[in-house]
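K.L.:
Chains as they are written, first to last, in our numbering: chain A, 211 to 340; chain B, 10 to 183.
Following this line, the structure appears as structure tokens:
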């Protein structure tokens, strides 16, 4: 028998990490949509905050790649791919419902805001390794 | 009405404000409450970690989300309409709350990383009920018709405080 066949796949175990990252994504998407709706109602642009958030996210990712990971403080910079897809699908689907109210920039902002917050949550958990 | 003043006669009006906001945004408020509910139920069932494991992580995470929310709040009430910090309206309630939230977040970050706070303060500052309280309060501020008063904060905070106490009793018994 080949060795590969002997390796059993670990069953999925729901941890506080999963729950925390998942619920952070939900909270972030609700907040982002509410704020974007309010900004648009007042005639304000969300673009400056979108750019700031993009820059902060880039800084976080660069710091993780070049400082946290090489020093062994985190093992993985991103959550597992399936988890990211699940979170982004939920965010995308809910944002699409509000597309007319939030516009295209608002839609992108919601995706970015949710991704940013759950990614930070992931990094915090990676850092403390629970 | 001042943010620190509580008038018990205004409780029905405050309840109506909260329920009105939920009725106006049922899906988004539902998502917020579900996110808190899921986390609460999970913590209620799996209460095996020690307090510092749970609440210190939450402190750091709440701090970062509070920074982002305060930034969004600042942008909500500045006159240039393009997120110019020099155009901040310091007289507006939203901006004052945003600055307070930002300071609170910095304090949380400091204590989250230094881990010098006594355990009961870590529990008090790092619980998810306080996080929801802040985020829901911020969400209410997106409605231009809503003014945050002490009574409104009491109406929002009281049920969450009860949930926190129940969670604490469960953890002490577990």
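For every residue, glycine included, the Cβ atom is placed at its ideal position computed from N, Cα and C.
Within the continuous alpha helix (DSSP H) that includes residue 232(A), where are the two ends?
P.N.:
226 to 252
K.L.:
So which residues of chain A does residue 166(B) contact, with C-beta pairs closer than 7 angstroms?
P.N.:
Result: empty, since nearest Cβ-Cβ is about 18 angstroms, beyond 7 angstroms.
K.L.:
Using the C-alpha atoms, what's the distance from residue 300(A) back to residue 233(A)?
P.N.:
11 angstroms
K.L.:
Mind checking residue 154(B): buried by the 16 CB within 10 Å criterion, or exposed?
P.N.:
exposed
K.L.:
What residues of chain B sit near residue 301(A), judged by a beta carbon separation below 8 angstroms?
P.N.:
Listed along chain B, no residue sits closer than 8 angstroms to residue 301(A) by beta-carbon distance, the nearest being about 10 angstroms off.
K.L.:
For the stretch 32 to 44 of chain B, enumerate the residues whose C-beta is nearer than 8 angstroms to any C-beta of chain A, in chain order.
P.N.:
Going along the stretch 32 to 44 of chain B in chain order, one finds 34, 36, 37, 38, 40, 41, 43 and 44 with a Cβ nearer than 8 angstroms to chain A.
K.L.:
Which class does residue 97(B) belong to by DSSP, given the choice of helix, strand or coil?
P.N.:
strand
K.L.:
Going by CA-CA distance only, name the one from 331(A), 316(A) and 293(A) that's closest to residue 261(A).
P.N.:
When only C-alpha atoms are compared, the closest one is 316(A).
K.L.:
So that I know if they touch, is there some Cβ in chain B lying closer than 7 angstroms to that of residue 331(A)?
P.N.:
For residue 331(A), the answer is yes, since a Cβ of chain B falls inside 7 angstroms of its Cβ.
K.L.:
Just to make sure I have the definition right: I need the residues of chain A whose C-beta is within less than 7 angstroms of the C-beta of residue 71(B). Which are they?
P.N.:
Chain A residues near residue 71(B): none, gap ~10 angstroms exceeds 7 angstroms.
K.L.:
Residue 185(B): buried (16+ other C-beta within 10 angstroms of its C-beta) or exposed?
P.N.:
A query on residue 185(B) cannot be resolved here, the shown segment of chain B reaching from 10 to 183 and no further.
K.L.:
Got a sec? Which residues, its chain only, sit under 8 angstroms from residue 337(A) by beta carbon, not counting five neighbours each side?
P.N.:
278, 283 and 284
K.L.:
Inspect the beta-carbon positions of residue 126(B) and residue 119(B) and report whether they are closer than 7 angstroms.
P.N.:
no
K.L.:
Excluding five sequence neighbours on each side, which residues of the same chain lie with their C-beta closer than 7 angstroms to the C-beta of residue 147(B)?
P.N.:
78 and 82
K.L.:
Can you tell me which of 305(A), 335(A) and 311(A) puts its alpha carbon nearest to the alpha carbon of residue 323(A)?
P.N.:
Ranking 305(A), 335(A) and 311(A) by CA distance to the CA of residue 323(A) puts 305(A) first.
K.L.:
Looking at the structure shown, is residue 152(B) part of a helix, part of a strand, or coil, going by DSSP?
P.N.:
coil
K.L.:
Could you please give the first and the last residue of the uninterrupted alpha helix (DSSP H) stretch that includes residue 52(B)?
P.N.:
35 to 54
K.L.:
Is residue 280(A) near residue 332(A), with beta carbons less than 7 angstroms apart?
P.N.:
no
K.L.:
Excluding the 5 residues flanking residue 86(B) on each side, which residues of the same chain have their C-beta closer than 7 angstroms to its C-beta?
P.N.:
98, 101, 103 and 104, listed in sequence order.
K.L.:
Quick one: give me the first and last residue of the alpha helix (DSSP H) that residue 291(A) is part of.
P.N.:
291 to 307 is the span of the alpha helix (DSSP H), which, as asked, contains residue 291(A).
K.L.:
Residues in its own chain within less than 7 angstroms of residue 242(A) by CB, not counting five upstream and five downstream?
P.N.:
The residues are 319, 320, 323 and 324.
K.L.:
Verify whether the separation of the beta carbon atoms of residue 240(A) and residue 41(B) is less than 7 angstroms.
P.N.:
yes
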